[in-house]
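What follows is a short report on a single structure.
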Amino acid sequence: MTAILIYAVILLGVLGAAIGSFLNVVVYRVPQGLSIVHPPSACPACGHAIRARDNVPVLSWLVLRGKCRDCRAPISARYPLVESGTAVFFVLVGWWELAGLIENPVSMISTATAVSVALSLAAFLYLAALSIALALIDLDVHRLPNKIVLPAYVVGAVLLGSAALITGDYDRLIGAGIGLAALWLAYFLMAILYPGGMGFGDVKLAGVLGLFLGWLGWGPLIVGSFAAFLLGGVFAVGLLVTRQVTRKGGIPFGPWMLLGAWVGIFAGDTLWSSYLALFGLA
Numbered sequence: 014m015t016a017i018l019i020y021a022v023i024l025l026g027v028l029g030a031a032i033g034s035f036l037n038v039v040v041y042r043v044p045q046g047l048s049i050v051h052p053p054s055a056c057p058a059c060g061h062a063i064r065a066r067d068n069v070p071v072l073s074w075l076v077l078r079g080k081c082r083d084c085r086a087p088i089s090a091r092y093p094l095v096e097s098g099t100a101v102f103f104v105l106v107g108w109w110e111l112a113g114l115i116e117n118p119v120s121m122i123s124t125a126t127a128v129s130v131a132l133s134l135a136a137f138l139y140l141a142a143l144s145i146a147l148a149l150i151d152l153d154v155h156r157l158p159n160k161i162v163l164p165a166y167v168v169g170a171v172l173l174g175s176a177a178l179i180t181g182d183y184d185r186l187i188g189a190g191i192g193l194a195a196l197w198l199a200y201f202l203m204a205i206l207y208p209g210g211m212g213f214g215d216v217k218l219a220g221v222l223g224l225f226l227g228w229l230g231w232g233p234l235i236v237g238s239f240a241a242f243l244l245g246g247v248f249a250v251g252l253l254v255t256r257q258v259t260r261k262g263g264i265p266f267g268p269w270m271l272l273g274a275w276v277g278i279f280a281g282d283t284l285w286s287s288y289l290a291l292f293g294l295a
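Numbers given in the numbering used here equal positions in the sequence shown, counted from 1, plus 13.
What follows is the structure in structure tokens.
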């Protein structure tokens, strides 16, 4: 099982690099209302279409030394960073999802469990890709496009709902529903009461994150929710102290919502258990 896990994680890294290449297109085109399919990728300086051999994630940028083959215009280092970052992210998600199976012989893993884990893995890989795209877009244009956020409700519900139904884990379904409703409502109220500090893009994203966090349980949901405000608050204070922004300056909150959610996903159960134990509640 260990060997299978290692091979699976390596394949996820390769898949992540390829997805990262696609995310570069999404991040550039979606905010402008452009198709992510047509026209094919081209150099923004000279307009020449990118050749297939120059479209290999990370490697092509290194071979070309960060310059267009035709006009030698510089190619932003952001492209290989997104590709390699997505690869690493996919590896982390794969290891987090699959490591729990490592102690079990393959013959001891039921078909229902295997299918459920595969669906759950697909859901969280999707969330990882979505997180990178939305974080970068929000940093660039201070928006969280509906074209990316809204389909996540359907994808998340179908994949996670199917994973729970296959194993009969109905508590996860209830948790996902509660998480979605609770975070959406909390952010909606904040957007109404403090319109300058919270946008409705954040409200829509909150429901998606609540769906995923609630599916994992109360610990991830609570930790992931509060981590966003803790991390975002520390960052905002740092910018104010260094006078990078004023008190009225807008700071996109989407990236912190996403980062906080992943803290909840990866470490929510551990942190929540430690918190309860600290006060003698566990």
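C-beta atoms are modelled at their ideal positions from N, C-alpha and C, and glycine is treated no differently.
N159 counts as exposed, since fewer than 16 other beta carbons sit within 10 angstroms of its beta carbon. Residue ranges of uninterrupted beta strand (DSSP E) with 3 or more members are absent from the segment 147-235; none lies entirely inside it.
Counting the other Cβ atoms within 10 Å of the Cβ of F137 gives 16 or more, which makes it buried. With 16 or more other Cβ atoms inside 10 Å of its own Cβ, V104 counts as buried.
Judged by DSSP in its simplified three-state form, A141 adopts helix.
Around the beta carbon of S287, fewer than 16 other beta carbons sit within 10 angstroms, so the residue counts as exposed. The straight-line gap separating the alpha-carbon atoms of H61 and P164 is approximately 33 Å.
A58 sits in coil when the DSSP states are folded into three classes, being neither helix nor strand. Pairing W285 with L147, the inter-Cα distance amounts to about 27 Å. DSSP places P87 within a strand segment (E or B) once states are collapsed to three.
Put simply, the segment 40-58 does not touch the segment 119-131. Fewer than three CB pairs are less than 8 Å apart. When rounded, the separation of the alpha-carbon atoms in W108 and I145 is 18 Å. A distance below 8 Å between beta-carbons, with the five flanking residues on each side excluded, links A280 to the following residues of its chain, in chain order: V236. Counted as a single uninterrupted DSSP element, the stretch harbouring L47 is not any alpha helix (DSSP H), since DSSP gives it neither H nor E. G223 is the residue among G251, G223 and V254 whose C-alpha sits nearest the C-alpha of F239. Straight-line spacing of the CA atoms in V22 and G29 works out to 10 Å.
Taking one beta carbon from each stretch, the segment 239-254 and the segment 264-271 have 3 or more pairs nearer than 8 Å; the two touch.
Note on geometry: alpha-carbon atoms of V71 and A31 lie some 9 Å from one another. R91 counts as exposed, since fewer than 16 other beta carbons sit within 10 angstroms of its beta carbon.
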